[in-house]
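Counted from 1, the sequence shown has number 159 at position 159 by UniProt numbering; the numbering is strictly sequential. Note that CB positions come from ideal geometry on N, CA and C, so glycine has one too. All values reported here derive from a predicted model rather than from experimental measurement.
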Amino acid sequence: SGNQVTGQHVRDAACYVCWAFARAFAPSVLVPYVSEMSAALIQVAVYDREINCRRAAAAAVQEHVGRQGTFPNGIDVVTSADFWTLSNRRHSYLVVAPQLAYFATYCRVLIDHLVDRKIAHLDLEVRRLASQGLAKLLEDPGVEIVAHVNEVVLPKLLARAAEIDTTSVASRHGALIALTAVIDPLQSHIAAEVQDKIRSLE
């Protein structure tokens with residue numbers, strides 16, 4: 001929590017701590033935390049609003065891949081998400097993230113991060129990018145992702161789109177533009193009952 005500046009420094013520092021973990025501990029010590037840590041760092045590396053946080057997360061990922069060797073698809077990840085490819089936020093959202101989502105390990109966590117954190121972001125540009133990025137991730141969904149979208153993602157977006165609380169303007173706007181963005185790539189995959197709910201939005 002806190003304002004953007006404070007949050008930025010906290011996220012940057014957290015990435016440094018994760019980077020230090022890779023240098024300080026044996027792989028066997030960190031194995032129980034690899035899944036959660038790799039997912040969190042990948043999310044920050046491609047979706048953080050601030051360039052220094054994206055690069056810090058990428059540096060932490062690179063350190064873990066190089067020293068620990070336990071991050072899933074590590075070499076492919078650091079090849080796609082590096083210091084330069086993450087320098088442009090739009091490129092991170094629309095090019096790098098879909099490359100990482102090719103790996104099942106990261107696809108769902110990237111989708112969930114956009115839906116839970118970025119679609120309702122206070123920054124209008126982040127909301128727009130998150131909606132476009134979500135559509136990119138769902139262009140060719142597998143069976144498990146289709147099920148997750150129908151059972152979790154679309155119901156969440158529909159619930160937010162229907163909110164009338166005046167304090168939830170960013171949340172409602174983000175949900176509406178996200179629904180608009182994903183309907184086309186998902187058209188043949190949306191469950192009938194979910195389609196009915198989409199049509200009933202006023």
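Whole-angstrom distance between residue j and residue i, CA atom to CA atom
i	j	result
Val115	Ala26	34 Å
Val169	Gly69	43 Å
Cys18	His9	14 Å
Glu63	Arg49	22 Å
Ala20	Ala191	45 Å
Arg89	His173	21 Å
Val34	Ile42	12 Å
Gln132	Ile119	10 Å
Val146	Leu176	19 Å
Gln195	Ser171	21 Å
Thr105	Lys197	30 Å
Leu94	Leu110	12 Å
Ile75	Met37	16 Å
Ala13	Arg160	32 Å
Ala162	Ala22	44 Å
Cys15	Ala59	8 Å
residue 203	Ser200	Limits of the chain in this structure are 1 at one end and 202 at the other, which puts residue 203 out of reach.
Tyr102	Lys136	11 Å
Asp184	Asp140	11 Å
Residue span of the alpha helix (DSSP H) that contains residue i, given as start and end
i	result
Lys118	First-last for Lys118: undefined, no H or E at that position.
Glu125	124-137
Residue i: CB within 7 Å of a non-hydrogen atom of the ligand SAM
i	result
Ala170	Looking at this structure, you won't find the ligand SAM or any other ligand, since it has none at all.
Distance CB(residue i)-CB(residue j) smaller than 8 Å
i	j	result
Val46	Ala97	yes
Leu186	Leu138	yes
Val44	Arg67	no
For the stretch 52-112, list the alpha helix (DSSP H) runs that are entirely contained and at least 4 residues long, ordered along the chain.
-> 74-80, 97-101
Could you name each continuous alpha helix (DSSP H) segment of 4 residues or more that falls completely within the stretch 149-196, going from the start of the chain to the end?
-> 154-161, 169-186
Residue ranges of each beta strand (DSSP E) within the stretch 19-43, 3 or longer | none
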